[in-house]
Amino acid sequence: MSIWQLLKRVTAAATSGVGSVVEAVRTVFGGNPELRRRVAFSVAMIALSAKMAKADGVVTHDEVRAFQQIFEVPASERRNVARLYDLAKADVAGFEAYAERMAGLCGSGHANCAMLEDILDGLFHIAKADGLLHEREGRFLHRVAQIFRIEESHYQSILARHANLGDADPWLILGIERDSPFDEVKRRYRKLVAANHPDKLLARGLPEEFIKIATTRIAAINAAYEMIERGLKVI
Numbered sequence: 023m024s025i026w027q028l029l030k031r032v033t034a035a036a037t038s039g040v041g042s043v044v045e046a047v048r049t050v051f052g053g054n055p056e057l058r059r060r061v062a063f064s065v066a067m068i069a070l071s072a073k074m075a076k077a078d079g080v081v082t083h084d085e086v087r088a089f090q091q092i093f094e095v096p097a098s099e100r101r102n103v104a105r106l107y108d109l110a111k112a113d114v115a116g117f118e119a120y121a122e123r124m125a126g127l128c129g130s131g132h133a134n135c136a137m138l139e140d141i142l143d144g145l146f147h148i149a150k151a152d153g154l155l156h157e158r159e160g161r162f163l164h165r166v167a168q169i170f171r172i173e174e175s176h177y178q179s180i181l182a183r184h185a186n187l188g189d190a191d192p193w194l195i196l197g198i199e200r201d202s203p204f205d206e207v208k209r210r211y212r213k214l215v216a217a218n219h220p221d222k223l224l225a226r227g228l229p230e231e232f233i234k235i236a237t238t239r240i241a242a243i244n245a246a247y248e249m250i251e252r253g254l255k256v257i
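If you read the sequence shown in this note's numbering, its first letter stands for residue 23, the second for the next number, and so on.
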């Protein structure tokens, strides 16, 4: 059963607001933790995307296309996604309340939770779709990261991954001290690639439909490593 068919069961059970959405996920998939994780990730991505659009005040065509790149929704299931998106966007509860409930639904309870980082990556992908990360979007994402208990240093690494390559700090992307020995850089790079392999993301509940998040992350990590390697060879 596809993630969209599963999501249809949530939209049918949800009535209004973040509380009903979270309760619907827990009730409908209470006996199946694996399915609950997959659906919870999708719900969090859709709901927080809607809240980010509301916080920014403008939804551009680029952002819509970016949303559709992550959410390759069959035409027959678009109504269910739109209902959940509109429900979150219209809810009077602020985005912080949504972020807190989604962290409780998806997160491990520990700092730098991998699944919450996956959600944050997806939101960054949408926010930067028009070529810029606008100030209000930046504040939104930073605050969501704080609620998700993403440590500031780790958040800066995530932020650097989403900067234009010419402006990005490759050392920051890899989360390693500048001018570290190349052997240490290589070990860090291999560790990040292994930790962010698509199979690892699928294992922690990321639906197959959203694997583009993993591939864009790996691409940024590869580019950062290559930049450092080239710089060291020049030296």
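Note that CB positions come from ideal geometry on N, CA and C, so glycine has one too. Keep in mind it's a predicted model, so treat the numbers as computed, not measured.
In the assembly as shown, A182 is a buried residue. Its beta-carbon has 16 or more other beta-carbons within 10 Å.
Here S71 is buried. Its C-beta has 16 or more other C-beta atoms within 10 Å. The shortest CA-to-CA distance from F232 to any of V43, A69, I92 and S24 is the one to I92. The three-state secondary structure of A36, taken from DSSP, is coil.
Counting only the Cα atoms, S175 lies some 19 Å from L145. Closest by C-alpha distance to L254, out of T37, I25 and R200, is R200. In the DSSP annotation of this structure, L155 is not part of any alpha helix (DSSP H), being labelled neither H nor E. Secondary structure note for P192: its alpha helix (DSSP H) is the uninterrupted segment P192 to L196.
Between A36 and S42, the C-beta gap is smaller than 8 Å, which places the two residues in contact. Between A149 and E157, the gap from beta carbon to beta carbon reaches 8 Å or more.
Assigned with DSSP and collapsed to three states, G53 falls in coil, not helix or strand. D205 and R252 have their C-alpha atoms spaced approximately 14 Å apart. Assignment of H176 by DSSP, reduced to helix, strand and coil, places it in the helix class. With contacts defined by Cβ atoms closer than 8 Å, P229 and F63 form a contacting pair. If you compare the alpha carbons of G197, A225 and S202 with that of L214, the shortest gap goes to G197.
Rounded to the nearest angstrom, the gap between the Cα atoms of P192 and I180 is 11 Å. Straight-line spacing of the CA atoms in I250 and N218 works out to 20 Å. Here K208 is exposed: its Cβ has fewer than 16 other Cβ atoms, across all protein chains shown, within 10 Å.
By a beta-carbon distance limit of 8 Å, V61 contacts V32. Their separation comes to about 6 Å. Sequence-distant Cβ neighbours of L194 in its own chain, meaning closer than 7 Å and more than five residues away, are Q178, S179 and A182.
Secondary structure of I169 (DSSP, three-state): helix. Excluding its 5 nearest sequence neighbours in each direction, N54 has no C-beta neighbour in its own chain below 8 Å. In this structure, L106 keeps its C-beta atom at 8 Å or more from the C-beta atom of I141.
Within the segment 206-244, the complete alpha helix (DSSP H) segments of 4 residues or longer fall at 220-225, listed in chain order.
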